[in-house]
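K.L.:
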Amino acid sequence: MGSHADHLESTAGEHTRNVRRKLQTNHHKDALATAAKEAATEILSVIKTAERELRQHLRTAQTGLNHMSHNHHENDKVLADKIANIHQRSEDQVKKLRSETHRAQGPDPTKPAATVTLQWKPGMSRPGFARKAQQLAGLSREGKLYKATNKVLRDVNITGQYKSAIIHIIYENQRGNPKLQQAAIAVAASMNPDHVQDLQLGGLDHWENIKMLHEKTNTVTGKHQVWPAIMKVPDGTPVKVKVKWK
Amino acid sequence: MEMTNSSIPSLVALLRETLAEHRMTLGLYDCNVPEGADSSLIPPGTPAGVADLLAATDGLYLDHTTRLFRAEELTDQQFPTGLEGAELPDGSTLDDTSRFFFFGQARENPLLVDRDGSVWRVPDEGYVWYTGCRVEPVADTVSEFVRTWVASPQFQHLAGLEPSDLETSHWYRLLRLSGLAT
Numbered sequence: 309m310g311s312h313a314d315h316l317e318s319t320a321g322e323h324t325r326n327v328r329r330k331l332q333t334n335h336h337k338d339a340l341a342t343a344a345k346e347a348a349t350e351i352l353s354v355i356k357t358a359e360r361e362l363r364q365h366l367r368t369a370q371t372g373l374n375h376m377s378h379n380h381h382e383n384d385k386v387l388a389d390k391i392a393n394i395h396q397r398s399e400d401q402v403k404k405l406r407s408e409t410h411r412a413q414g415p416d417p418t419k420p421a422a423t424v425t426l427q428w429k430p431g432m433s434r435p436g437f438a439r440k441a442q443q444l445a446g447l448s449r450e451g452k453l454y455k456a457t458n459k460v461l462r463d464v465n466i467t468g469q470y471k472s473a474i475i476h477i478i479y480e481n482q483r484g485n486p487k488l489q490q491a492a493i494a495v496a497a498s499m500n501p502d503h504v505q506d507l508q509l510g511g512l513d514h515w516e517n518i519k520m521l522h523e524k525t526n527t528v529t530g531k532h533q534v535w536p537a538i539m540k541v542p543d544g545t546p547v548k549v550k551v552k553w554k
Numbered sequence: 802m803e804m805t806n807s808s809i810p811s812l813v814a815l816l817r818e819t820l821a822e823h824r825m826t827l828g829l830y831d832c833n834v835p836e837g838a839d840s841s842l843i844p845p846g847t848p849a850g851v852a853d854l855l856a857a858t859d860g861l862y863l864d865h866t867t868r869l870f871r872a873e874e875l876t877d878q879q880f881p882t883g884l885e886g887a888e889l890p891d892g893s894t895l896d897d898t899s900r901f902f903f904f905g906q907a908r909e910n911p912l913l914v915d916r917d918g919s920v921w922r923v924p925d926e927g928y929v930w931y932t933g934c935r936v937e938p939v940a941d942t943v944s945e946f947v948r949t950w951v952a953s954p955q956f957q958h959l960a961g962l963e964p965s966d967l968e969t970s971h972w973y974r975l976l977r978l979s980g981l982a983t
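Each protein sequence line maps, in turn, to chains E and F.
So that you can map any letter, position 26 of the first sequence is 334 in my numbering, and since no number is skipped, the others follow by simple counting.
So that you can map any letter, position 41 of the second sequence is 842 in my numbering, and since no number is skipped, the others follow by simple counting.
1. Leaving aside the five residues before and after residue 942 (chain F) along the sequence, list all residues of the same chain whose C-beta is less than 6 Å from its C-beta, in chain order.
2. What is the rounded straight-line gap between the Cα of residue 812 (chain F) and the Cα of residue 979 (chain F)?
3. Closer than 7 Å, Cβ to any Cβ of chain E: which residues of the region 912-925 of chain F, in chain order?
4. Using a Cβ cut-off of 9 Å, pull out every chain E residue sitting near residue 837 (chain F), in sequence order please.
5. Output needed in chain order: residues of the region 340-352 of chain E with a Cβ under 9 Å from some Cβ in chain F.
6. If we ignore side chains and look at the alpha-carbon of each, how far apart do residue 881 (chain F) and residue 976 (chain F) end up?
7. Which class does residue 491 (chain E) belong to by DSSP, given the choice of helix, strand or coil?
8. Is it true that the region 815-833 of chain F meets the region 877-897 of chain F, where meeting means three or more beta-carbon pairs spaced less than 8 Å apart?
9. Which partner residues of residue 549 (chain E) appear in the DSSP bridge assignment?
10. At the level of alpha carbons, what is the spacing between residue 915 (chain F) and residue 847 (chain F)?
11. May I ask which residues mark the beginning and end of the alpha helix (DSSP H) holding residue 865 (chain F)?
12. Which of helix, strand or coil does DSSP assign to residue 827 (chain F)?
13. Helix, strand or coil, according to DSSP, for residue 501 (chain E) in the structure here?
14. Give the secondary structure of residue 935 (chain F) by DSSP, where H, G and I count as helix, E and B as strand, and everything else as coil.
15. Using a Cβ-Cβ cut-off of 8 Å (strictly less than) and excluding sequence neighbours within five positions of residue 548 (chain E), which residues of its own chain qualify?
16. May I have the straight-line CA-CA distance separating residue 803 (chain F) from residue 897 (chain F), to the nearest angstrom?
17. Please state the DSSP three-state secondary structure of residue 946 (chain F).
18. Between residue 503 (chain E) and residue 357 (chain E), what straight-line distance do the alpha-carbon atoms span, to the nearest angstrom?
19. Can at least three beta-carbon pairs, one atom from the region 487-496 of chain E and one from the region 887-903 of chain F, be found at a separation below 8 Å?
20. How big is the Cα-Cα spacing for residue 314 (chain E) and residue 532 (chain E)?
21. Please tell me whether residue 454 (chain E) has its Cβ less than 8 Å away from any Cβ of chain F.
22. Suppose the cutoff is 7 Å on Cβ atoms and the five residues either side in sequence are ignored; what does the same chain contact list for residue 868 (chain F) look like?
23. May I have the straight-line CA-CA distance separating residue 394 (chain E) from residue 469 (chain E), to the nearest angstrom?
24. Considering only their Cβ atoms, is the gap separating residue 456 (chain E) from residue 567 (chain E) smaller than 8 Å?
25. According to DSSP, is residue 894 (chain F) helix, strand or coil?
26. Determine the direct distance from the alpha carbon of residue 415 (chain E) to that of residue 971 (chain F), and round the result to whole angstroms.
27. If we define contact as Cβ-Cβ less than 8 Å, is residue 538 (chain E) a contact residue for chain F?
28. Under three-state DSSP, which class holds residue 967 (chain F)?
Here is the structure:
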């Protein structure tokens, strides 16, 4: 049961941790524990579905087609505006980065690599950390990570609108179940849209590079582990990621 | 419109009650006004103004990029390294980052309390703030900050809202419903 709750924490925050505490407290009361486990699973399923739907809409917007047709969000102007906004701002950010030629555009192989060590810390989601660490380690092996040029470009409206759109979809999808609707919105609000390849590691400020992540896992890895390790190295320095699992 | 004579607890209570009344019917799900924090959760060293605010409301969720932190997350949110080299209003460089306490974020950039109790912010200028930023004072105290930037029309400038965003910002709609903005 504990490992199951760990798994659930991969994308959620405090609410799911509360459920886990209840599971641990009530593990001998099967009916209660089962009910709590099922509720947490259902909440995370609602959030994952909403993010999947949002990304489908964004992919459609990317093709230039009418992104709100042929689905149950048709005529949802609020969502349509958010999707158009997220996509346009993402495209604008990439164009801006590419047009600013003084900025490093990739790793400079003539520079010695810097090493970032990622380590799980108490309060982080174990599966969330595992996902984040594996993604960065994979990008490191592919030679894609490098120290971006300061000041690193960012449009906070992209992540803000991304999260807002997910919560909007949850709200609309769960109108018939207000209890689940409110619980899922609360959990989603406690999470962060995370740049999978961190911006300071050369990641693009584009929705394709964003996924929801447990908040503390996002904050600690990005600010407390990645940034201090690279903040003083030259722009374009290749970055290798080492993961300490214990 | 600013409620200069209101105490923070009564202002928070007004916002909480108004939100409870309209949240479900209007779908105001992008903001939240929690109950006050248990004093045992407030970390030692928290500035008095922040501790007083936490006693009234355990953080404030204003939108998806602008919020005041909950008591239990304050310790993790301290990140003085990110302020190294920050530019001060007189053009000099910040040399003592420990003077600032991180208590929230506006457009994902820090909201800070200085040792003298004044509130500062890192304005959003289109960059990841800790890769290079400046700091500027915005209020003399935390309570003044809440009255003038959070619970007033000035919120639009804190959260970087365009005029067209005022109709869709859930917090701004809450301010209107509470009689704190027009």
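In this text, a Cβ means the ideal position worked out from N, Cα and C, and glycines have one as well.
P.N.:
Reading it off the structure:
1. Cβ neighbours of residue 942 (chain F) beyond the five flanking positions: 850 and 918.
2. Residue 812 (chain F) and residue 979 (chain F): Cα-Cα distance of roughly 10 Å.
3. 925: these are the residues of the region 912-925 of chain F whose beta carbon lies less than 7 Å from some beta carbon of chain E, given in chain order.
4. Annotation: residue 837 (chain F) has no Cβ neighbours in chain E at a cutoff of 9 Å; minimum Cβ distance is about 17 Å.
5. Under the 9 Å Cβ criterion, the region 340-352 of chain E contributes no residue.
6. Linking residue 881 (chain F) to residue 976 (chain F) through their CA atoms gives a straight-line distance of about 33 Å.
7. In the three-state reduction of the DSSP assignment, residue 491 (chain E) falls in the helix class.
8. Inter-segment contact for the region 815-833 of chain F and the region 877-897 of chain F is absent: fewer than three beta-carbon pairs are separated by less than 8 Å.
9. According to DSSP, which records beta bridges pairwise, residue 549 (chain E) is partnered with E:424.
10. Rounded to whole angstroms, residue 915 (chain F) and residue 847 (chain F) show a C-alpha spacing of 11 Å.
11. From DSSP, residue 865 (chain F) is part of no alpha helix (DSSP H); its letter is neither H nor E.
12. In this structure, residue 827 (chain F) counts as helix in the three-state DSSP scheme.
13. DSSP places residue 501 (chain E) in strand when its eight states are reduced to three.
14. DSSP, read as helix, strand or coil, puts residue 935 (chain F) in strand.
15. Same-chain partners within the cutoff: 421, 422, 423, 424, 448 and 453.
16. Unreliable positioning characterises residue 803 (chain F) in this predicted model, as indicated by a pLDDT of 45, which lies under 50. The coordinate reading is nonetheless provided below. Answer to the nearest angstrom: the Cα atoms are 34 Å apart.
17. In the structure shown, residue 946 (chain F) falls within a helical segment according to DSSP collapsed to helix, strand and coil.
18. Computed Cα separation, rounded: 19 Å.
19. By the Cβ test, the region 487-496 of chain E is not in contact with the region 887-903 of chain F, since fewer than three Cβ pairs between them sit closer than 8 Å.
20. At residue 314 (chain E) the pLDDT is 38, less than 50, meaning the model places this residue with poor confidence and gives no usable figure here.
21. Closer than 8 Å to the CB of residue 454 (chain E) there is not a single CB belonging to chain F.
22. Closer than 7 Å at Cβ, skipping near neighbours: 860, 861, 862, 905 and 906.
23. Annotation: residue 394 (chain E) to residue 469 (chain E) spans about 6 Å, alpha carbon to alpha carbon.
24. Because chain E in this structure spans residues 309 to 554, residue 567 (chain E) falls outside the shown range and cannot be described.
25. Under the three-state reduction of DSSP, residue 894 (chain F) is assigned to strand.
26. Roughly 42 Å between the two C-alpha positions.
27. Chain F places no beta carbon closer than 8 Å to that of residue 538 (chain E), leaving this residue out of the contacts.
28. DSSP places residue 967 (chain F) in helix when its eight states are reduced to three.
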